[in-house]
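Chains as they are written, first to last, in my numbering: chain S, 1 to 257; chain B, 1 to 657. Each residue gets a CB set at the ideal place from its N, CA and C atoms; glycine is no exception.
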């Protein structure tokens with residue numbers, strides 16, 4: 001791989017806290033190596049800003065391996081930037097060329113208020129999980145792991161949904177700020193396994209109710225969520241969620257009859 | 001001598017005996033007892049959820065924005081369990097034995113045996129929670145091999161085992177939060193332990209969004225705050241992984257066990273330049289199929305796939321024929337360093353070796369073609385089908401490698417080099433996982449653990465969940481049974497006042513330095529000292545220098561640190577400065593411990609003590625013990641020892657040949 005260096009112009013969202021109004025600020029960065037990760041480019045910029053006596057840019061990040069789901073930059077109009085199936089931390093500077101201007105914003109959604117600069121509050125996702133994204137089994141109850149065989153394809157489809165890292169890119173990409181792909185991934189992960197069956201009837205209903213309560217929008221099937229998901233979670237899981245929701249609603253209706 | 005409080009009786013009966021006789025707390029009293037859990041990784045989330053299920057009032061804290069993000073999530077390869085589903089001779093005893101041997105006979109037999117014993121329950125628990133483990137076509141759970149072992153006992157979920165297990169524990173935790181049994185505090189960092197009448201009674205935490213300090217009372221405090229690998233700056237740990245919670249506990253009286261036992265993982269993506277902020281692991285599971293080699297000729301600059309077979313040195317297979325590429329991590333790392341130091345390294349930095357899948361692609365390709373009835377396939381057909389299999393097994397790791405390096409590992413061999421990955425050392429705990437401060441527990445990587453001087457692959461997940469799901473629920477009851485008459489202590493108690501004041505003063509002192517250098521730059525310099533002089537190989541002269549250099553650096557830090565922004569706001573630079581200040585103190589202790597341990601064992605390799613073949617040479621006469629360091633007011637540490645008694649296993653020279 002050929003390495004090169006580049007000079008870039010960054011337009012970055014700066015916002016002191018949730019209550020204050022934000023604005024774009026422009027920064028020039030020089031001699032950025034194509035081997036750096038996108039966040040390492042921000043590290044270099046922040047070190048310089050501190051040395052110049054200025055405030056660094058606050059952003060969320062932790063594992064830098066594309067799995068913790070903490071990093072969350074909206075880069076040139078796309079959550080996590082230009083590479084398909086990639087988190088911000090795994091985006092590398094060879095995606096850009098000398099002289100580029102890069103615009104970086106936080107996730108934008110009413111349910112994700114900005115904490116500072118590029119950091120947002122995603123606790124709404126935790127509350128959606130609290131509404132039913134689990135199997136009610138206390139420690140110590142379990143039978144032998146091989147007691148219930150699970151069809152391999154089914155297990156793999158469940159796994160592909162469980163690959164969701166809860167980063168919120170799906171919400172950021174959606175013009176309605178819908179959390180349907182996130183919710184669908186969790187509901188499908190559990191619905192596709194026999195262990196998830198006993199609570200199937202209420203899980204989707206409760207999680208969707210919580211999603212609405214948090215202020216996420218509705219799904220209009222534009223597919224933007226799937227296009228930007230770093231774990232490439234398929235929009236087909238939203239169909240699964242809808243069917244789980246209808247199934248739950250019908251069963252509940254029958255019970256009330 | 002420290003007393004580990006190991007129960008008497010035969011090894012295989014100890015845990016059962018303990019459980020049969022430990023004190024219990026009745027459900028009505030559990031509701032009155034409060035437990036604080038710090039950290040939400042596998043150990044923390046599983047402990048918080050399980051203790052809440054039992055009926056205790058739990059408060060859980062993490063510095064990340066959600067408990068689901070703790071660094072356990074990044075574990076890739078798998079989790080060990082002695083299920084013997086493969087019928088290949090596995091048993092609780094073998095898992096115990098492999099772990100003791102892998103740890104170079106520096107762990108406590110009773111703890112390691114208990115770990116092996118509960119390992120099977122972990123898999124059952126995770127399956128019940130909906131963890132989507134890999135399965136065979138018959139619908140049953142699948143296994144693979146890991147290093148230092150000759151059976152297949154590793155359960156996995158593609159290259160995301162940590163994520164799937166953590167999500168299982170996180171879901172259990174969220175369920176308890178929904179039920180009101182756990183109060184969750186995310187974006188909170190623990191900055192001190194409150195000790196009243198010699199017992200841990202609470203914590204001081206900082207709300208990272210507002211900067212406010214908070215006081216929380218607990219009848220007991222459970223630390224699950226992870227390892228300290230980031231003392232080396234570059235490691236496979238997350239950027240936020242830190243020693244602060246454990247270090248504050250140490251300063252409040254918890255002894256620190258075996259700090260010099262650090263694990264260097266052999267297969268990580270090499271450093272590219274000064275901008276490097278962290279290192280990325282390529283899972284040990286890759287050594288199931290990948291072959292490690294360097295060119296036979298020094299300075300061979302050809303691409304890996306252009307070097308013919310006869311000019312390659314598969315040095316692990318050559319040196320360790322019985323285990324080959326699946327030797328334990330410490331052995332594989334040192335062997336890579338040896339080749340690179342001798343001038344056979346590859347890539348621009350020459351600090352890398354090849355991890356090559358071309359043979360695996362051929363082997364799997366032939367099997368697949370044969371399955372399809374094609375017994376005379378072309379090379380192209382073999383390659384195509386072989387790549388499909390490798391992709392299914394390791395696809396996400398290969399993708400990650402390509403994103404980081406820009407090279408396609410299906411075409412050219414991966415370049416890899418060892419990197420800091422895990423710390424076997426940590427807070428000293430007894431059989432009940434209690435530190436030397438009564439009521440203060442340490443679980444998972446933050447304790448000095450069951451892994452001795454070297455941890456085997458796929459055992460960290462096992463230990464975190466064993467501690468959280470199956471050990472602490474019993475052992476904490478044994479302590480709390482005597483606390484049922486203790487009413488909650490108001491946080492206006494002078495001990496809370498004093499602790500909070502100490503934290504405030506430290507934050508003010510850091511902010512008031514107003515020097516010129518960033519916390520990041522100090523951290524990098526500390527890491528370089530640690531890696532150069534206390535890394536894969538250590539010697540007395542280097543360690544003495546390192547101690548002096550760290551002291552000087554610490555002095556400079558306290559004179560010339562610059563933190564932008566204010567105290568009463570989200571200020572990641574202030575958070576980082578506090579963590580770095582603790583790493584600076586820990587770094588010195590690691591070097592002191594490494595200097596004191598005049599032997600080589602597992603991940604601790606002192607150049608002065610090696611066999612004629614360059615293997616670690618233990619000194620069981622002098623060092624068949626745990627070093628547990630007591631903090632003495634910043635000036636020095638006092639060394640205490642726990643004798644390691646081997647009743648079941650006889651320590652021998654470890655051999656993987």
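Could you tell me whether the Cβ atoms of residue i and residue j are closer together than 8 Å?
| i | j | result |
| --- | --- | --- |
| residue 240 (chain S) | residue 188 (chain S) | yes |
| residue 47 (chain S) | residue 556 (chain B) | no |
| residue 489 (chain B) | residue 222 (chain B) | no |
| residue 134 (chain B) | residue 157 (chain B) | yes |
| residue 430 (chain B) | residue 4 (chain B) | yes |
| residue 5 (chain S) | residue 33 (chain S) | yes |
| residue 75 (chain S) | residue 104 (chain S) | yes |
| residue 337 (chain B) | residue 418 (chain B) | yes |
| residue 45 (chain S) | residue 27 (chain S) | yes |
| residue 285 (chain B) | residue 144 (chain B) | yes |
| residue 98 (chain B) | residue 149 (chain B) | yes |
| residue 72 (chain S) | residue 86 (chain S) | no |
| residue 126 (chain S) | residue 112 (chain S) | no |
| residue 395 (chain B) | residue 364 (chain B) | no |
| residue 59 (chain B) | residue 218 (chain B) | yes |
Secondary structure at residue i, three-state DSSP: helix, strand or coil?
| i | result |
| --- | --- |
| residue 244 (chain B) | helix |
| residue 250 (chain S) | helix |
| residue 728 (chain B) | Since the first residue shown for chain B is 1 and the last is 657, residue 728 (chain B) is missing from the structure and cannot be characterised. |
| residue 34 (chain S) | coil |
| residue 581 (chain B) | helix |
| residue 21 (chain B) | helix |
| residue 619 (chain B) | coil |
| residue 172 (chain B) | helix |
| residue 411 (chain B) | coil |
| residue 43 (chain S) | helix |
| residue 115 (chain S) | strand |
| residue 442 (chain B) | strand |
| residue 200 (chain B) | strand |
| residue 552 (chain B) | helix |
| residue 402 (chain B) | helix |
| residue 223 (chain B) | strand |
I think residue i touches residue j, with their Cβ atoms under 8 Å apart; what is that distance to the nearest whole Å?
| i | j | result |
| --- | --- | --- |
| residue 573 (chain B) | residue 50 (chain S) | 7 Å |
| residue 607 (chain B) | residue 538 (chain B) | 7 Å |
| residue 354 (chain B) | residue 302 (chain B) | Contact doesn't hold; Cβ gap of about 11 Å is too wide. |
| residue 216 (chain S) | residue 171 (chain S) | 7 Å |
| residue 186 (chain B) | residue 62 (chain B) | 5 Å |
| residue 625 (chain B) | residue 644 (chain B) | 6 Å |
| residue 290 (chain B) | residue 357 (chain B) | 5 Å |
In the DSSP assignment, what residue or residues form a beta bridge with residue i?
| i | result |
| --- | --- |
| residue 263 (chain B) | B:422 |
| residue 517 (chain B) | B:561 |
| residue 174 (chain S) | Answer is none; residue 174 (chain S) lacks a bridge partner. |
| residue 100 (chain S) | For residue 100 (chain S), which the question treats as bridged, DSSP gives no partner whatsoever. |
| residue 66 (chain B) | DSSP lists no partner for residue 66 (chain B). |
| residue 630 (chain B) | B:638 |
| residue 79 (chain S) | S:74 |
| residue 13 (chain S) | S:24 |
| residue 479 (chain B) | None; residue 479 (chain B) has no bridge partner. |
| residue 355 (chain B) | B:292, B:414 |
| Closer than 7 Å, Cβ to any Cβ of chain S: which residues of the region 82 to 97 of chain B, in chain order? | 85
| query | Looking at chain B, which residues of the region 123 to 137 of chain S have a Cβ within less than 9 Å of any of its Cβ atoms? | reply | 123, 125, 126, 127, 129, 130, 131, 132, 133, 134, 135, 136, 137
| task | Return the residues of the region 262 to 278 of chain B that lie within a Cβ-Cβ distance of less than 8 Å from chain S, sorted by chain order. | result | In summary, the residues of the region 262 to 278 of chain B whose CB is separated from some CB of chain S by less than 8 Å are 272, 273, 275, 276, 277, 278, in the order they occur in the chain.
| Residues of the region 190 to 218 of chain S with Cβ closer than 9 Å to any Cβ of chain B, in chain order | 190, 192, 193, 195, 196
| said: So if I threshold CB-CB distances at 8 Å, which residues from the region 173 to 186 of chain B count as touching chain S? | reply: 174, 175, 177, 178, 184, 186
| task | Using a Cβ-Cβ cut-off of less than 7 Å, give me the residues of the region 53 to 73 of chain B that come near chain S, in sequence order. | result | Here the close residues are 53, 64, 65, 66, 68, 69, 71, 73.
| Near-chain S residues of the region 388 to 420 of chain B (beta-carbon distance less than 9 Å), N- to C-terminal order | For the region 388 to 420 of chain B, which is checked against every Cβ of chain S, the residues closer than 9 Å are 396, 399, 400, 403, 404, 405, 406, 407.
| message | Beta carbons nearer than 7 Å to chain B: which residues of the region 88 to 111 of chain S have them? | response | 90, 92, 94
| field | Residues of the region 20 to 42 of chain S whose Cβ lies closer than 9 Å to any Cβ of chain B, in chain order | value | 32, 33, 34, 35, 36, 37, 39, 40, 41
| task | Return the residues of the region 149 to 162 of chain S that lie within a Cβ-Cβ distance of less than 7 Å from chain B, sorted by chain order. | result | 149, 150, 151, 152, 155, 158, 159, 162
| Contact residues within the region 13 to 38 of chain B, judged by C-beta distance below 9 Å to chain S | none
| task | Using a Cβ-Cβ cut-off of less than 9 Å, list which residues of the region 541 to 573 of chain B approach chain S; keep chain order. | result | 562, 563, 564, 565, 569, 570, 571, 572, 573
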